[in-house]
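Going by our numbering, the first residue of the sequence shown is number 1139, and it counts up by one from there.
Glycine residues also receive a C-beta, built at the ideal position from the N, C-alpha and C atoms.
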Amino acid sequence: MFGDEVFHFGDDIVELKDSSNDIDNPERLWSSLREDGYLYLRGFHDRELAKKATHWTLHAIDERGGLAPGTDASDGIISEANHNFPFFRVLPVAHGKPILDVVDSEATFSFYQRMFGKPVMTFDKRWLRSMAKGGHNHFHYDSVYLGRGTQNRLSMWTALTSTALDGGPLVVALGSHEHERLIETYGATDMDRDLTDAVFTSDPRELVRDFGFTLGTAPFEPGDAVIFGLYTMHSTAPNLSDRYRISIDTRYQPADEEPDERFMFRDNGRWLGNFYNEGAEYTPMSELRAWWGI
Ligand SMILES: O=C(O)CCC(=O)C(=O)O
Ligand SMILES: [Fe+2]
């Protein structure tokens, strides 16, 4: 399922454990998070609201010519040009009501408020992604991209389209949240401060072979969510289907703790984001890894 590298579900890649039965028990959820490095919450968001958000995003893709001609927009069939549509900075889309009705919902905020035991906030940047065929991410800790301010922060990856195993699901490297050496070296980098490559590896096999991690994933339905901290390595598998894989990742933390200012609006109505050092050269990960000896 990773292109060249074939993993078999239930064998060398396992199904994430669904914690949705514990939804009203923050203590149990925290204990799963500490132990497993993630929370998989099936049906976390209202399914109908999630589908509205999908529809909204597909409409935006359609307006930009991204859908195959003559097909029904709701099928999300990718046009020949096969463009990814990250809507991060396209606020009319990424901050549209149907999107915020999911990730900023009363239910979502009250969930995090229960988890943190106090009022919470989310970043202005919301990572709404539409992956075309072949599109995927690479393994990383979120700390490297968004680790400034409090460490008391959770990332949530939400599936908006129905995402089969070959449709580009989130993949978690199980055990990576307990790898001390990785956390104190790679995990301690800040890509924009240190001018370092942010992706740890694109090779899932080495994570299994050399680090002893097991990969975990699941087929996702609209509104299913996976939650993890700053030091859980994850990626997405390639979307091998003909349909867009749409997902959104958002961050939540206590409102009275320091956010990562890079993702909050500034006076110009934009956020700084990553890669703001124009023309900078980033130290290659291979060089960093040689120094760290990992
Ligand atoms: O959706 C993706 O491709 C990557 C998601 C991710 O890295 C995240 O949710 O933090
Ligand atoms: Fe991430």
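Check: By the DSSP assignment, the alpha helix (DSSP H) with phenylalanine 1247 in it spans what residues?; Outcome: 1244-1254
Check: Beta carbon of arginine 1267, beta carbon of isoleucine 1384: below 8 angstroms?; Outcome: yes
Check: Confirm, please, whether the CB-CB distance from alanine 1418 to proline 1257 is below 8 angstroms.; Outcome: no
Check: Could you tell me whether the Cβ atoms of phenylalanine 1336 and histidine 1278 are closer together than 8 angstroms?; Outcome: Looking at the sequence itself, residue 1336 is alanine, so the reference to phenylalanine does not match. Going by C-beta atoms, alanine 1336 is nearer than 8 angstroms to histidine 1278.
Check: In the DSSP output, which residue or residues are listed as bridge partners for phenylalanine 1358?; Outcome: Thr1301
Check: Give the secondary structure of leucine 1479 by DSSP, where H, G and I count as helix, E and B as strand, and everything else as coil.; Outcome: With the chain represented from 1139 up to 1432, any question about residue 1479 goes unanswered, as that position is not in the structure.
Check: Considering isoleucine 1153, what are the terminal residues of the beta strand (DSSP E) in which it resides?; Outcome: Residue identity differs from the one stated: residue 1153 is glutamate in this sequence, not isoleucine. Counting along the chain, the beta strand (DSSP E) containing glutamate 1153 begins and ends at 1151-1153.
Check: Rounded to a whole number of angstroms, what is the C-alpha to C-alpha distance between asparagine 1406 and glycine 1350?; Outcome: 46 angstroms
Check: Going by other Cβ atoms of all chains shown within 10 Å of its Cβ, with 16 needed for buried, is alanine 1232 buried or exposed?; Outcome: buried
Check: Is arginine 1381 near ligand 4, judged by its Cβ being under 7 angstroms from some heavy atom?; Outcome: You won't find ligand 4 in this model; what it holds is ligand 1 and ligand 2.
Check: Can you tell me the Cα-Cα spacing of proline 1236 and aspartate 1210, whole angstroms?; Outcome: 20 angstroms
Check: Taking threonine 1195 as part of the alpha helix (DSSP H), name the residues at either end of that continuous run.; Outcome: 1185-1201
Check: With DSSP as the reference, label glutamate 1143 as helix, strand or coil.; Outcome: strand
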